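The structure appears below as structure tokens.
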Amino acid sequence: MTGLASVVIVAYQSADEIGELVRRVLEDPSVGEVVVVDNGTDGAADVAEAAGAVVRRRPDNPGFGTAQNEGVQAAASDRVLLLNPDAEMIDGALAAGLAALDADDGVAAVQGTIVNRGTGAPERSQGAELGPVHLWGRALHLRRLLGTGVGRRLARRAGLADHVDRVPTDPVDVEVLAATAVLVRRRAFEAVGGFDERYFLYGEDLDLCRRLRRAGFRLVALPVPWARHDSGGTSASWWAREVQWWRGTLGFAARWWSTGAWSLAMGAALVRWVALAATRPRSAPAAWRSVIAEPCRVRRREGPAAPPASRA
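The opening residue of the sequence shown carries number 376 in the numbering used here; numbering runs sequentially from there.
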């Protein structure tokens, strides 16, 4: 396994796609093994195993971060690519990432430019840590303004340059790397306890990146075409995904942000909940519990900056 990466994929109801993904990943000469942790119940684990993956089965679906931790524990290499099942690495990217880790022991994780598979547009996969201004921008649907010259200039002045300048021209230290296809140094990952398993989905990558930085490690965005990502989803899943995003992200804010920043976050959350409730009135109480009530409970019990829950 010397010189090669382990690839960890967390699957959920992915039986139709996981076999081909595992086979493609194993064709990369920089890959030594693929570990699939199956959080679903559709037989994806059997398909992945037949394709050559090391498999861990978790039909109880303990969450994304918990499954990632289990996958890293099962991996043989000190360099581990955490690959989403809807992402595909670009040829040569992983080799460039391994070289970047080998060049500097202080770097905990790297990731290059990730593009939307359908449009080819670069995604926001690296940059500044999310803050209240990001939440308000999402709540008010201000993303469309970033396509204008004025909007781009304002974004840069407001500390949102990573929303409009998404392709680095040189390796650059960043505060956050999205956990889409991030290559991590296992020793650094384990030194900070891996993903905080109190997060079910969303927010866990923000939390991990903050703890890595606090421990003195660096996160680097590479000027390398890295991966293609299917980031859309069906219209039927949009509402649930948005609720889950706010729940996870506000969980991060609840644990880490100052009182002032937390107040601004909850203001944005209320605005977003009103819009979600208007879209699906019958589901408004469920959205309230996820977007408002649960983050407030987390704030009272665990924030700010409570240590991550211990793992067995």
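All C-beta atoms, glycine included, are put in the ideal place defined by N, C-alpha and C.
In this text the structure is predicted, and so the values were computed from the model without any measurement.
Taking DSSP as the reference, what is the three-state secondary structure of residue i?
i             : result
proline 656   : helix
proline 507   : helix
aspartate 580 : helix
glutamate 463 : strand
serine 381    : strand
alanine 496   : coil
glutamate 550 : coil
arginine 593  : strand
valine 397    : helix
glutamate 408 : strand
glycine 415   : coil
glycine 502   : strand
To the nearest angstrom, how far is it from the Cα of residue i to the Cα of residue j?
i                 : j              : result
glutamate 677     : alanine 420    : 35 Å
threonine 609     : alanine 615    : Note that threonine 609 scores 44 on pLDDT, short of 50, meaning its location in the model is unreliable; the coordinates nonetheless yield the value given after this. Roughly 11 Å between the two C-alpha positions.
alanine 554       : alanine 425    : 26 Å
tryptophan 621    : asparagine 491 : 22 Å
arginine 433      : glycine 493    : 31 Å
alanine 514       : isoleucine 465 : 33 Å
arginine 630      : leucine 517    : 26 Å
aspartate 453     : glutamine 443  : 15 Å
aspartate 571     : leucine 581    : 10 Å
aspartate 545     : proline 598    : 5 Å
leucine 469       : arginine 657   : 46 Å
valine 567        : glycine 440    : 14 Å
phenylalanine 627 : tyrosine 574   : 8 Å
serine 500        : alanine 659    : 30 Å
glycine 635       : proline 507    : 10 Å
alanine 449       : valine 559     : 15 Å
aspartate 479     : arginine 593   : 10 Å
glycine 394       : glutamate 579  : 26 Å
serine 638        : glycine 378    : 47 Å
glycine 472       : serine 606     : 22 Å
glycine 457       : serine 633     : It should be noted that the sequence gives leucine, not glycine, for residue 457. Those two C-alpha atoms are separated by around 30 Å.
glycine 427       : valine 397     : 7 Å
tryptophan 601    : proline 460    : 15 Å
valine 542        : proline 497    : 7 Å
alanine 563       : alanine 462    : 24 Å
leucine 401       : glycine 407    : 7 Å
serine 405        : aspartate 477  : 13 Å
glutamate 392     : leucine 552    : 25 Å
glutamate 565     : valine 557     : 15 Å
alanine 687       : glutamine 486  : The predicted position of alanine 687 is uncertain, since its pLDDT is 34 and thus under 50; a value taken from the coordinates is nonetheless stated next. The straight-line gap from Cα to Cα measures roughly 29 Å.
Can you give me the start and stop residues for the alpha helix (DSSP H) that residue i sits inside?
i              : result
aspartate 403  : First-last for aspartate 403: undefined, no H or E at that position.
valine 673     : 669–677
asparagine 444 : 439–449
valine 422     : 419–425
aspartate 477  : 468–478
Tell me where the beta strand (DSSP E) around residue i begins and ends.
i             : result
glutamate 484 : Rather than glutamate, the amino acid found at residue 484 in this sequence is alanine. First-last of the beta strand (DSSP E) with alanine 484: 482–491.
leucine 456   : 454–458
arginine 697  : Outside the shown range of the chain (376 to 687) lies residue 697, about which nothing can therefore be said.
valine 559    : 556–560
Restricting to Cα atoms, I'd like to know which of the options is closest to residue i.
i             : options                        : result
aspartate 435 : Pro543, Tyr387, Ala471         : Tyr387
valine 595    : Phe627, Ala668, Cys584, Ala602 : Cys584
glutamate 550 : Arg586, Arg573, Val567, Thr544 : Arg586
leucine 645   : Ser665, Gly635, Trp631         : Ser665
leucine 576   : Gln448, Glu617, Pro600         : Glu617
arginine 655  : Pro507, Ala428, Trp613, Gly578 : Trp613
glycine 446   : Ala483, Asn414, Ser633         : Asn414
glycine 591   : Glu408, Ala428, His604, Ala484 : Ala484
valine 385    : Leu401, Leu510, Arg431, Leu552 : Arg431
leucine 625   : Leu510, Ala650, Asp391         : Leu510
valine 412    : Ala451, Val547, Leu651, Val383 : Val383
glycine 547   : Pro437, Ala640, Val429, Thr488 : Note on residue identity: the sequence assigns valine, not glycine, to residue 547. With distances taken between Cα atoms, valine 547 lies closest to Thr488.
alanine 668   : Ala462, Val482, Val455, Gly623 : Gly623
serine 381    : Val409, Leu401, Pro404         : Val409
leucine 505   : Val422, Trp663, Ala640, Arg647 : Ala640
glycine 438   : Arg589, Ala475, Gln619         : Gln619
Using only the heavy atoms of the ligand ATP, determine whether one of them is closer than 7 Å to the beta carbon of residue i.
i          : result
valine 406 : With respect to small molecules bound, the structure shown includes none, and the ligand ATP cannot be examined in it.
Contained alpha helix (DSSP H) runs [length at least 4] in the segment 599–658, N- to C-terminal order: If we require 4 residues or more, the alpha helix (DSSP H) runs fully inside the segment 599–658 come out as 610–631, 634–654.
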